[in-house]
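Student:
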Amino acid sequence: MGRYILGRLLGLAFVLFVVSLIAFLLMHAVPGGPFAPDEKGRLPEATRQAQLEKYGLDQPIYVQYVKYMWNALQLDFGVPFQSPTETVTELIARAWPVTIRIGIPTIIISYGLGTLLGFIAAVRQNSWVDYSVSFASTLGLVVPNFVVALWLILFFSVYLGWLEPGGWGKPQHYIMPVIAYSLTPMALVARYTRSSILEVMRSDHVRTARAKGLSERNVLFWHVGRNAMIPFVTILLPEIPNILTGSIFIEAAFRIPGLGRFFVTSTQARDYPMILALVLLIAVLWGITYIVTDILYTLLDPRIRLSGRSVV
Amino acid sequence: MAHSASSTLAAAEARQSAQRPESAFQHAMRRFMRQKLAVVGLVIVLFLMVIGFGAPILAPSDYRTANLMDANKFPSAEFPLGTDAIGHDFLSRVMYGTRTSLLVGFASVGVACLVGIPLGMLAGLRGGWTDFVVMRLVEVMTAFPGLLFAIFLMTVLGAGVGNIIIVIGLTSWLTLARLMRAQLLTLREQDYIAAARSMGASDWSIAVRHLLPNAVAPVIVAITLAIPTAIFAEAGLSYIGVGINEPTPSLGKMVADSAQYIRVYWHLGLFPTLAIALIMLGFSFVGDGLRDALDPRQT
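Same order as they appear, the protein sequences are chains A and B. Residue numbers for the first sequence follow the numbering used here, beginning at 1 and rising by one. Residue numbers for the second sequence follow the numbering used here, beginning at 1001 and rising by one.
#1: Can you confirm whether the region 7-26 of chain A touches the region 266-279 of chain A when touching is taken to mean that 3 or more C-beta pairs between the two stretches lie within less than 8 Å?
#2: Cβ closer than 8 Å: which chain B residues qualify as neighbours of Phe24/A?
#3: For Tyr159/A, report the span of its alpha helix (DSSP H) as first-last.
#4: Give me the chain A residues within the contact set of Tyr1239/B, using Cβ-Cβ distance strictly less than 8 Å, ordered along the chain.
#5: Could one say the Cβ of Gly1236/B lies closer than 8 Å to chain A's Cβ atoms, at least one of them?
#6: Does the distance from the C-beta atom of Val1286/B to that of Val1045/B stay below 8 Å?
#7: Ile256/A and Ile102/A: beta carbons closer than 8 Å?
#8: What would DSSP say about Asp271/A, mapped onto helix, strand or coil?
#9: Which residues in chain B sit within 7 Å of Thr267/A, going by Cβ to Cβ distance?
#10: How should Met27/A be labelled, buried or exposed, when 16 other C-beta atoms within 10 angstroms of its C-beta is the threshold for buried?
#11: Does any CB atom of chain B fall closer than 8 Å to the CB of Phe263/A?
#12: If you draw a straight line from the C-alpha of Asp76/A to the C-alpha of Val1167/B, how long is it?
#13: May I ask you to list, following chain order, the residues of the region 150-182 of chain A that have a beta carbon less than 9 Å from some beta carbon of chain B?
#14: Could you tell me the alpha carbon to alpha carbon distance between Ser310/A and Gly11/A, rounded to whole angstroms?
#15: The alpha helix (DSSP H) spanning Met1049/B covers which residue range?
#16: Taking the alpha helix (DSSP H) that Thr47/A belongs to, which residues open and close that run?
#17: Name the two residues that bound the continuous alpha helix (DSSP H) containing Glu1022/B.
#18: Any beta-carbon of chain A closer than 8 Å to the one on Val1040/B?
#19: If we define contact as Cβ-Cβ less than 8 Å, is Gly308/A a contact residue for chain B?
#20: Select from Leu1187/B, Gly1243/B, Val1242/B the residue whose C-alpha is nearest the C-alpha of Ala1217/B.
#21: Where do the ends of the alpha helix (DSSP H) carrying Leu26/A lie?
#22: Would you mind telling me which residues of chain A sit closer than 9 Å to Trp1266/B, beta carbon to beta carbon, in chain order?
#23: Tell me whether Pro1253/B is buried or exposed, calling it buried when 16 or more other Cβ atoms sit within 10 Å of its Cβ.
#24: Tell me the DSSP secondary structure of Asp1089/B in three-state form.
#25: Compare the beta carbon distance of His1267/B and Leu1058/B with 8 Å and say whether it is the shorter of the two.
#26: Taking Pro273/A as the reference, give the member of Gly118/A, Gly2/A, Pro60/A, Glu86/A with the closest Cα.
#27: Residues in the region 1248-1274 of chain B with C-beta within 7 Å of chain A's C-beta atoms, listed in sequence order?
#28: Looking at C-alpha atoms only, which residue of Val66/A, Pro84/A, Phe249/A, Gly114/A is the closest neighbour of Thr193/A?
#29: I want to see whether chain B comes within less than 8 Å of Val79/A, judged by CB atoms only; does it?
#30: Determine whether the Cβ of Phe1032/B lies closer than 8 Å to any Cβ atom of chain A.
#31: Mind checking whether Tyr1239/B and His1210/B have CB atoms under 8 Å apart?
#32: Under 8 Å between C-beta atoms, does Val1242/B make it to chain A?
#33: Could you name the residues of chain A that Ser1101/B contacts, counting a contact when the two beta carbons are closer than 9 Å?
#34: Where do the N-terminal and C-terminal ends of the alpha helix (DSSP H) with Glu199/A fall, by residue?
#35: Distance, Cα to Cα, Ser1258/B vs Ala1275/B?
#36: Which runs of the beta strand (DSSP E) fall wholly inside the region 237-267 of chain A and span at least 3 residues, in chain order?
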């Protein structure tokens, strides 16, 4: 197990290297730059040179890359051009917790409620509960979350006048973003849970459990529930990094000062250090999630052996 | 006697034509039409295509026509969906916005097909090094955060319909390439391919006559399901301000613009969001229906 995890971490390191290299080359390959002269020519040439020199942007690109990666390995991601009074780490430490504070209730609600709804829908297959859950999950999967966000604002803020349409800092500011953000993962969870429970309920070992006279509750809890966790882990766990890095759309809709807006402002300002930090952050979260998923998979289903799977 | 013989023959012919096995297309159509939701989706999609692509004829006014005297009107008999802050007739804006969504949806999936399908075919048919290179490309693209990549390309290329088509196309070919390759890899090992080869069929004729026709169904399904995803991407990118620029109407941009007036002019937010939801639902129902009709294994 230890050797396997080490191998996977090495694989992750390689993926991070490739991703960072591509991001770096791509950023520099495109026309324009953080201190490119604009149409109005506001930035004098001498100032521009001084700025480039200050951030090391006058050096050859491979020197810049090696320097950046060397610093990044020591967790120093440089200074964001769009906010030069702080470091990238400070900026992320300021914005990311806001996103995470929306993300955690989203994960709890969407996964908890989604599993419950999917379970009930499967046990009461073809009842009105089942049909309502299917209908709601189709809506949740198909309708974009910023559309749902706007409907929530129209209903709760404009029509009922109960909640402020956006903002950050009070407990009530969590309500609408979390609802809007939960719907899609909840729909996904409900749908997969339903279909996997249905499949397990038809399997031989569940029939055996029923045949030997176990109560229905016992069968559902011990024999169905555990097996239904497998698609749950492989399909749904990878959604977590998505939720933790936040939704640009939700944060824009409710004016939440999270990480989301920096995806747009950083690319617009050609803020190289910030873009790279965001790319690496997402790639690390994804990589770790995949490793954890594979390990959990083997714990839940002993038929699968880790060593047989590929490294990356 | 002769008369009765010919009538028996005619009856036999009629019976035979009635029993002629339906074509694959007819079979798929029948399976599709049997599903209520898929038919509802098809009706929605056709309706949206009529009001979207028919907007130049059907819309009350051009999308650029604005009359400041009529600004910020609520829905009425004169303006069924009201007017916006500049005095555009909002019904016309929503219809033209639907047209933009459909156009971007179809065209960017077209771009994705042009990139993804040949690459997937190349990898699946050639194998070896070609396969290795294509699959590593797909893997690296998958590891790269897609939305960030799209935003980045959009800021580099600039907002606009043409650019957003290219960007969405370039970020959504991966599934198609992977699917095409996987299809060919499984089909390649089937017995009927070995049979064709033993009869002396060339690689080319095996690929075109035996492999591709059997790989098409799941790819069509994937293409149909890629359309709503692309439309979502356009609405989303326009919503955060890097998608489509003025004066082209875009539903996503209209939703974003409505935010500052939402407390008073609710119609500016409601109607474009309803249009987006309807587009997404229609295409998803059709896609799911096609999947059940063409590729029962995948459900």
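Note that beta-carbon positions come from the ideal geometry of N, C-alpha and C, so glycine has one too. What you are looking at is a predicted structure, and each value in this text was computed from that prediction instead of being measured.
Tutor: If we stick to the structure as given:
#1: yes
#2: Ordered by position in chain B, no residue passes the 8 Å Cβ test against Phe24/A, which lies about 12 Å from the chain.
#3: Note, Tyr159/A: premise wrong, no alpha helix (DSSP H); not H, not E.
#4: Phe146, Phe249, Ala252
#5: yes
#6: yes
#7: yes
#8: coil
#9: Ile1151, Phe1152, Thr1155
#10: buried
#11: yes
#12: 32 Å
#13: Leu150, Trp151, Ile153, Leu154, Ser157, Val158, Tyr159, Pro165, Gly166
#14: For Ser310/A, the predicted model reports a pLDDT of 40, less than 50, meaning its position is unreliable; a value from the coordinates is still stated below. Answer to the nearest angstrom: the Cα atoms are 10 Å apart.
#15: 1036-1053
#16: 45-54
#17: From DSSP, Glu1022/B is part of no alpha helix (DSSP H); its letter is neither H nor E.
#18: no
#19: With a pLDDT of 45 at Gly308/A, under the threshold of 50, the modelled position of this residue cannot be trusted, and the question is left open.
#20: Leu1187/B
#21: 2-29
#22: Leu154, Val158, Tyr159
#23: It is Lys, not Pro, that sits at residue 1253/B in the sequence shown. Classification for Lys1253/B: buried.
#24: strand
#25: no
#26: Glu86/A
#27: Val1255, Ile1262, Arg1263, Trp1266, Gly1269, Leu1270, Thr1273
#28: Gly114/A
#29: no
#30: no
#31: no
#32: yes
#33: Under the 9 Å cutoff, chain A gives no residues; its nearest Cβ is about 12 Å from Ser1101/B.
#34: 175-201
#35: 14 Å
#36: none
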